[in-house]
Every structure is written in C-alpha cells, then in structure tokens.
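*Asks:* Straight run, no breaks: the sequence shown in my numbering ends on number 524.
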Amino acid sequence: MADSVFANVVRAPEDPILGVTVAYNKDQSPVKLNLGVGAYRTEEGKPLVLNVVRKAEQLLVNDPSRVKEYLPITGLADFNKLSAKLILGANSPAIQENRVTTVQCLSGTGSLRVGGEFLAKHYHEKTIYIPLPTWGNHPKIFTLAGLSVKTYRYYDPNTRGLDFSGLLEDLGNAPSGAIVLLHACAHNPTGVDPTSDQWEQIRQLMRSKGLLPFFDSAYQGFASGNLDSDAGSVRMFVADGGECVAAQSYAKNMGLYGERVGALSIVCKSADVAARVESQLKLVIRPMYSNPPLHGASIVANILKDGELYTEWTIEHFIYLLTGTPGDWSHIVKQIGMFTFTGLNTNQVAFMTKEYHVYMTSDGRISMAGLSLKTIPHLADAIHAAVTNVV
Ligand SMILES: Cc1ncc(COP(=O)(O)O)c(C=O)c1O
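#1: Less than 8 Å between C-beta atoms, sequence neighbours within five positions excluded: which residues of the same chain meet that for proline 308?
#2: Tell me, which residues are paired with glycine 395 by DSSP?
#3: With DSSP as the reference, label asparagine 195 as helix, strand or coil.
#4: So does leucine 245 have its beta carbon nearer than 8 Å to some heavy atom of ligand 1?
#5: Between the region 272 to 279 and the region 348 to 362, do three or more beta carbon pairs fall short of 8 Å?
#6: Kindly indicate which residue of Glu445, Ile516 and Ile418 has the alpha-carbon position closest to the one of threonine 235.
#7: Take leucine 315 as the anchor and find which of Thr328, Ala379, Lys342 and Gln337 has the nearest alpha-carbon.
#8: For glutamine 413, collect the residues of the same chain with a Cβ closer than 8 Å to its Cβ; drop the 5 residues on either side in sequence, then sort them by chain order.
#9: Say the cut is 8 Å; is the CB of serine 240 nearer than that to a heavy atom of ligand 1?
#10: Quick one: grab the DSSP three-state call for asparagine 141.
#11: Take every Cβ of the region 221 to 235, pair it with every Cβ of the region 401 to 413, and state whether three or more of those distances are shorter than 8 Å.
#12: Should the region 388 to 398 be regarded as contacting the region 370 to 379, the criterion being three or more beta carbon pairs within less than 8 Å?
#13: Along the beta strand (DSSP E) that carries leucine 315, what are the first and last residues, could you check?
#14: Rounded to whole angstroms, what is the Cα-Cα separation between threonine 458 and glycine 476?
#15: Report all residues from its chain with a CB closer than 6 Å to the CB of leucine 427; omit the five preceding and five following residues, and keep chain order.
#16: Could you have a look at serine 216 and say whether DSSP puts it in helix, strand or coil?
#17: Alpha carbon to alpha carbon, what distance is there between threonine 486 and isoleucine 509?
#18: Within 10 Å of its beta-carbon, does threonine 479 have 16 or more other beta-carbons around it, so buried, or fewer, so exposed?
#19: Using the rule of at least 16 other Cβ atoms within 10 Å of the residue's Cβ for burial, across every protein chain shown, is aspartate 303 buried or exposed?
#20: For ligand 1, is there any heavy atom lying closer than 8 Å to the beta carbon of arginine 174?
#21: Does ligand 1 have a heavy atom nearer than 8 Å to the CB of tyrosine 390?
#22: Mind checking who lysine 283 pairs with in its DSSP beta bridge?
#23: Tell me whether the beta-carbon of leucine 209 lies closer than 9 Å to the beta-carbon of alanine 434.
#24: DSSP three-state call for phenylalanine 472: helix, strand or coil?
#25: If you run the structure through DSSP and keep just helix, strand and coil, what is leucine 151?
#26: Taking the straight line between their C-alpha atoms, what separation do you get for isoleucine 150 and glycine 374?
#27: Would the C-beta of arginine 286 count as close to ligand 1, meaning under 8 Å from any of its heavy atoms?
#28: Looking at ligand 3, does it come within less than 8 Å of lysine 273, judged from the CB to the closest heavy atom?
#29: From aspartate 160 to glycine 503, what does the alpha carbon distance come to, in whole angstroms?
#30: Any idea if glutamate 392 is buried or exposed, counting beta-carbon neighbours within 10 angstroms, 16 or more meaning buried?
#31: Any heavy atom of ligand 1 closer than 8 Å to the CB of tyrosine 352?
#32: In whole angstroms, give me the CA-to-CA distance for leucine 221 and valine 371.
#33: Mapping DSSP to helix, strand and coil, what is threonine 521?
#34: For valine 185, is the classification buried or exposed, using 16 other Cβ atoms within 10 angstroms of its Cβ as the cut-off for buried?
#35: Would alanine 519 pass as a contact of phenylalanine 474 if the rule is Cβ separation under 9 Å?
#36: Are the beta-carbon atoms belonging to isoleucine 335 and leucine 300 less than 9 Å from one another?
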C-alpha cells in the first residue's frame with residue numbers, strides 16, 4: 134500500500150449536493166428523508182418515472198427498425214429541432230430564419246460545459262457573470278471551460294427576494310461584452326425569479342452594454358406550470374433580434390435525470406454565422422465525448438413530436454407540481470420552482486440530519502420535489518426542533 138504511485142493523492146471532499154445523497158443512502162433510519170437533490174418522488178418516496186416516458190420507451194422498444202448506430206457529433210436531428218422549438222417557441226422567427234444552431238449534449242451540465250468551451254475559444258470576452266448565489270456547479274463548469282467567473286448580486290436574505298438594484302448595478306458595472314449566466318426560470322437555489330417587468334429592464338441594460346446572455350434552463354415548466362411562460366425570459370431576448378446562448382436540461386421536467394439529455398442552442402444574427410458556429414461546436418464535442426447517447430434523446434423526441442404524448446406530458450408534469458406543497462410557510466409557498474431556501478442555518482441543518490435523518494444542502498436549501506404529504510409532518514417536526522433548539 135505504502136508504495137502506491139498514488140500514495141500522495143489526497144481525499145477530495147464530497148460534492149456538496151450529490152454528497153448529501155451519499156450520506157442519506159448510508160442512513161438506516163426508516164424515517165429518513167432526502168431533500169438535497171432535486172428529484173421528484175412518489176408519496177412513498179420512491180423515484181418517479183412519468184407514465185408518458187414509459188410509453189415513449191415502449192414505442193422505441195417495439196420498433197424493430199431502431200438500431201444502435203452512433204449519432205452524429207451534434208446528436209439526434211429531430212431532438213435538436215424540437216428542443217429549439219420548446220425553448221424558443223413554435224413560431225420563432227429565429228428558427229424559421231435558420232439562425233439557431235442546436236446540439237444535443239449531456240443534460241444541462243454538458244450543455245453548459247460545451248457552451249462555455251465554445252465561448253472560451255471563440256468569443257472575445259472571457260468573463261462570465263453568475264448570480265450570487267447560484268447552482269454550485271456553475272463556477273466549476275465555467276472555470277474548467279476556460280472562462281473567468283465573477284458574480285452579480287441576486288438574492289437579498291433580508292427580504293428573501295430579488296436584490297434587483299444590486300443586480301442592475303453589478304451588471305451595469307460589468308465590462309461591455311461580458312457573458313451573463315441567467316437562470317431562465319425557477320432560480321436554483323433561491324426559488325426567486327425576476328418579474329417580467331424586471332426581465333425587460335435586465336434585457337435593456339444587457340443589450341445596451343452588449344452583454345451576452347447565457348440562459349440555463351433546467352426547470353422549464355416548473356415555475357408557472359406552463360412551458361411557454363417559463364421560456365418567456367429567453368424569448369424576450371430572442372425577440373429583440375440579438376444573439377444569445379441557451380442550455381436546456383430534460384433531467385427535471387421529463388424526469389430523465391440519469392439518461393443525461395440536454396441541448397445547447399446558440400441564436401445567431403444570420404444563418405451563415407449559425408452554420409459556422411455549429412461547425413466549431415463539433416470541434417469542441419468530438420474530443421470530449423465524441424457523440425451523445427441515443428436513448429434519452431429518442432424518448433424526448435417521441436414525446437415532443439407526438440401531439441398526444443406531448444399533451445399527456447404537460448398534464449402529468451403539472452399534477453406532480455401540485456403534490457407536496459406544505460401548508461403555512463408563506464415564504465416557502467411563494468417560492469418558484471423546485472427548490473426553496475428554508476432560512477435554516479448550517480448548524481440547524483446538521484442538527485436535522487443527525488437527529489431527524491433529514492438531508493439537505495448545508496445552506497438550508499430543500500428540494501420541494503422530495504416532499505410528499507406523508508413526509509411533511511416529519512419535516513415540520515424536524516424544523517420545529519431545529520429552530521427551537523439550535524441557534
Ligand atoms: C440551475 C441548474 N442548472 C443545470 C442543472 C443541470 O442538471 P443536469 O446536468 O442533471 O441536467 C441543474 C441541476 O440541478 C440546475 O439546478
């Protein structure tokens with residue numbers, strides 16, 4: 134052992150979000166509850182596969198013409214077209230004018246990474262501004278992609294709302310041309326989104342300074358329950374004719390977490406630019422993972438292209454949004470999307486995990502999707518004990 138060539142490798146810390154699941158899996162308590170990772174659960178706390186996904190998979194299995202050939206570097210063409218349509222809208226002029234290039238990537242994370250590497254190689258400004266706070270993986274993804282990461286103010290803990298003046302001030306002070314990461318809707322981890330008036334002001338400020346919007350859309354359909362409304366922020370920026378980048382994930386809104394299905398779209402000023410951009414995206418992807426996986430993208434394409442399955446998806450998805458809404462915590466009920474800040478501190482979180490087997494990230498963020506009518510009383514007891522016993 135002592136003479137291993139890797140003997141001086143130090144143990145890395147667990148990922149702050151996925152590490153919560155590791156600790157949860159080790160816990161033997163029958164009342165344990167995992168609110169760390171954003172994944173929908175049945176009333177029994179079991180992982181949930183949407184019926185519409187099962188149906189789409191059955192169609193694939195029953196189709197003998199389906200083979201396992203490699204996809205192109207850019208992924209499944211149908212999937213890409215349908216994904217662009219989902220985020221930009223069925224009648225988007227940018228799509229009609231062929232000004233959008235869409236490539237299938239490895240879920241949201243992979244789409245952000247490919248987009249980040251493309252920008253680091255081909256865009257003149259290497260700084261990306263991310264909201265404070267944001268999803269913990271953002272700074273790591275963009276740093277490794279070769280961008281320099283800075284933050285802009287987003288959340289005000291005193292009001293548990295948007296720090297809109299701080300946001301405008303910080304983006305106003307950003308160098309012209311800088312990239313700005315925007316959560317398209319259902320901001321993670323705060324659950325706080327700008328209103329549409331505020332989005333419009335953000336748009337005007339960003340366009341006046343030539344800041345490049347990079348949307349992360351991981352929760353389309355989760356903020357309002359309506360897929361089109363939730364893409365409103367992105368569509369506002371596309372409607373002005375300017376350019377933007379958007380990463381989409383189907384992990385949450387189709388429950389395809391482990392299938393790793395996502396898309397990166399770059400909206401350009403002309404079809405010619407879009408074609409050249411796509412040719413360079415291929416050079417980013419090819420040495421990274423060659424080409425994306427087939428199965429998940431085929432499920433999504435089957436659902437999005439079939440009127441009946443599409444309707445079924447929107448209805449089924451909306452029903453799950455309504456489950457597990459806790460009663461009297463007005464700030465939690467008001468939050469948008471899958472996650473909310475409870476306002477609990479690190480010590481209170483540690484107490485709840487130790488004494489009540491409730492798992493969440495140490496900043497007090499919980500995934501509402503992990504709750505069910507059955508587990509809410511246990512969570513309420515745990516919060517009550519934490520708040521009354523731990524400062
Ligand atoms: C804001 C945000 N972006 C992107 C992702 C990417 O997730 P995935 O790579 O599983 O699609 C997540 C997942 O939690 C997220 O919360």
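For every residue, glycine included, the Cβ atom is placed at its ideal position computed from N, Cα and C.
*Replies:* Answer, in terms of the structure:
#1: Glu258 and Thr260
#2: Cys238 and Ser382
#3: coil
#4: yes
#5: no
#6: Ile418
#7: Ala379
#8: Phe251, Lys254 and His255
#9: yes
#10: coil
#11: yes
#12: yes
#13: 312 to 316
#14: Unreliable positioning characterises threonine 458 in this predicted model, as indicated by a pLDDT of 34, which lies under 50. The coordinate reading is nonetheless provided below. If I take the Cα positions, the gap works out to 17 Å.
#15: Leu204
#16: helix
#17: 15 Å
#18: exposed
#19: buried
#20: no
#21: yes
#22: Tyr262
#23: yes
#24: strand
#25: helix
#26: 37 Å
#27: no
#28: Ligand 3 is not part of this structure, which contains only ligand 1.
#29: 17 Å
#30: buried
#31: yes
#32: 8 Å
#33: helix
#34: buried
#35: no
#36: yes
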